[in-house]
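2 protein chains.
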Amino acid sequence: MSVEVDATDLAILRALAADATRSAGALGREMGLSQPATWRRIRRLEEAGVLKGRRLRLDAGRLGFGVTVFLGVKLATKGRVSLDDFERAVTAIPEVQVVEHVLGLYDYRLRIIARDLPDFERVLRRRIMTLPGVGEVEANVLLSEERLPGPLGAA
Amino acid sequence: MSVEVDATDLAILRALAADATRSAGALGREMGLSQPATWRRIRRLEEAGVLKGRRLRLDAGRLGFGVTVFLGVKLATKGRVSLDDFERAVTAIPEVQVVEHVLGLYDYRLRIIARDLPDFERVLRRRIMTLPGVGEVEANVLLSEERLPGPLGAA
DNA sequence: AATGAAACTACTGCCGG
DNA sequence: CCGGCAGTAGTTTCATT
Chain A
0 MSVEVDATDL AILRALAADA TRSAGALGRE MGLSQPATWR RIRRLEEAGV LKGRRLRLDA
60 GRLGFGVTVF LGVKLATKGR VSLDDFERAV TAIPEVQVVE HVLGLYDYRL RIIARDLPDF
120 ERVLRRRIMT LPGVGEVEAN VLLSEERLPG PLGAA
Chain B
0 MSVEVDATDL AILRALAADA TRSAGALGRE MGLSQPATWR RIRRLEEAGV LKGRRLRLDA
60 GRLGFGVTVF LGVKLATKGR VSLDDFERAV TAIPEVQVVE HVLGLYDYRL RIIARDLPDF
120 ERVLRRRIMT LPGVGEVEAN VLLSEERLPG PLGAA
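In structure tokens form, the structure reads like this:
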């Protein structure tokens, strides 16, 4: 499943991870490669599925969503149908940003966004607690978040 | 703190959230706006801090990192110095992708990436458990993850 | 807010190692 | 197979109206 990614590819991915808007030409100049060569490498990484696309970095707070909460959810009943039903229902809630199926103390981890705490309480009571099969839930309110280079620093 | 974002801006953000590589011209054509008008709106959103940039979507598995683990961390001692020390130390671990300071049962949530489970055990024992002030930890192994439109669907 | 111009960027062939 | 060169189409970016 792994793909051949050499040191030059990693350098490109590192640079793009820092700023995904940079052009192939600018990247190539900085690392002694021509613009088409750099561009073809990026394209190859996309076709290989390593680079799956570019996502927006939005400031939820400035869009009026001041509260982000992580919710660990334990299902009361865990048949295959329960998982499917739960996922179908939870993905239909607009305030849910991310649905993670996990192994451990909880079955799902949700990233939920709300305008403020009263709004979050509404989502929790009316949307989440009424989901099919929901058992225990545990909430963590986000104070601050920092994203690091991650695997590209390790690789 | 909130910024004026009208329905057209939201439509642009929604379209870009679906595919961040689309050009201002293509977006404008699709929604009956000229290319410069669309481009100026995007730029205004960037200057207002609503649109903070673009991030890469990487397939960690294809880069050789097959295991993603979420780790809830409770600190044993929670003075201001403890928080600073912990954050400084944890951000230096290359396998740590995201550091979230949260309120609730745990103090921090970490997103950690490793090549496989033995590799994760190494990170956990040698890197995480030796961090200054670490108390209880709780791990969740990621099985699958789905990102939804989120606030743009709700807004 | 549209138009037009200048610079830049993405993308395609073709050729050399 | 990978990189450089040259060329075209499309995009950004800015000045002007």
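Top line first, the protein sequences correspond to chains A and B. Each residue of the first sequence is one higher than the last, beginning at 0 in numbering that gives the first Met the number 0. Each residue of the second sequence is one higher than the last, beginning at 0 in numbering that gives the first Met the number 0. Just so it is clear, CB atoms sit at the ideal spot from N, CA and C, and this is done for glycine as well. None of these values were measured; they are calculated from a predicted model.
Contacts between D58 of chain A and chain B, judged by CB atoms closer than 7 Å, involve G48, V49, K51 in chain order. Excluding sequence positions up to five before and after A14 of chain B, its CB lies within less than 7 Å of the CB of R21, L26, all in the same chain and listed in chain order. Contact annotation for V98 of chain B against chain A: S143, E144, E145, R146, L147 [CB-CB distance below 9 Å, chain order]. For the region 97–127 of chain B, the set of residues with a beta-carbon nearer than 7 Å to any beta-carbon of chain A comprises V97, V98, E99, H100, V101, L102, G103, L104, Y105, R108, I112, in chain order.
Using a CB distance below 7 Å, the part of the region 70–93 of chain A facing chain B consists of T90, P93, ordered along the chain. In the structure shown, E3 of chain A falls within a coil segment according to DSSP collapsed to helix, strand and coil. In this structure, DSSP gives S33 of chain B a state outside helix and strand, which the three-state scheme calls coil. A contact is defined here as three or more CB-CB pairs under 8 Å, and the region 29–44 of chain B fails this definition with respect to the region 87–104 of chain A. Nearest CB-CB separation between R61 of chain B and chain A: below the 8 Å threshold.
The C-beta separation of R108 of chain B from V101 of chain B comes to about 5 Å, placing the pair in contact by the 8 Å criterion. Counting only Cβ-Cβ distances below 9 Å, L12 of chain A has contacts in chain B at L55, L57, L62, in chain order. Under the three-pair Cβ rule at 8 Å, the region 124–131 of chain A does not count as touching the region 1–12 of chain B. Per DSSP, A88 of chain A is one residue of the alpha helix (DSSP H) stretching across 79–89. Counting along the chain, L116 of chain A sits inside the alpha helix (DSSP H) bounded by residues 116–121. In this structure L151 of chain B is buried. Its beta-carbon is surrounded by 16 or more other beta-carbon atoms within 10 angstroms. Proximity to L104 of chain B across B:K77, B:K73, B:L123, B:D83 peaks at B:K73, based on C-alpha coordinates. Cβ contact annotation for T37 of chain B (same chain, cutoff 6 Å, sequence separation greater than five): A23, L26, G27, in chain order. If you check each beta-carbon in the region 13–45 of chain B against every beta-carbon of chain A, the ones closer than 8 Å belong to L15, A16, D18, A19, T20.
Chain-order list of chain A residues neighbouring V140 of chain B: V101, L102, G103, by C-beta distance under 7 Å.
Straight-line measurement puts the Cα of F85 of chain A at about 11 Å from the Cα of G78 of chain A. For V4 of chain A, the residues of chain B that pass the 7 Å Cβ criterion are L62, in the order they occur in the chain. Residue nearest to F119 of chain B within the set B:V95, B:L55, B:E99 is B:V95 (criterion: CA-CA distance). By the beta-carbon neighbour count (other beta carbons within 10 angstroms, threshold 16), A59 of chain B is buried. Inter-residue distance for A16 of chain B and R121 of chain B is about 37 Å (C-alpha atoms, whole angstroms). A check of alpha carbon separations from A113 of chain B across B:E144, B:V68, B:E145, B:S143 identifies B:V68 as the nearest.
Cβ contact annotation for V97 of chain B (same chain, cutoff 6 Å, sequence separation greater than five): R110, in chain order.
Between L50 of chain A and L57 of chain B the beta-carbon gap is near 6 Å, inside 8 Å, which marks them as a contact.
Under the 8 Å criterion on CB atoms, E135 of chain A is classed as non-interfacial with respect to chain B.
When the alpha-carbon of E45 of chain A is set against those of B:R61, B:T7, B:S81, the nearest one is in B:R61. For G134 of chain A, the three-state secondary structure derived from DSSP is strand.
By the neighbour-count definition (other C-beta atoms within 10 Å, threshold 16), V133 of chain A is a buried residue.
Within the same chain, Cβ atoms closer than 6 Å to the Cβ of G71 of chain B are found at Y105, R108, E137, the five residues on either side in sequence being excluded.
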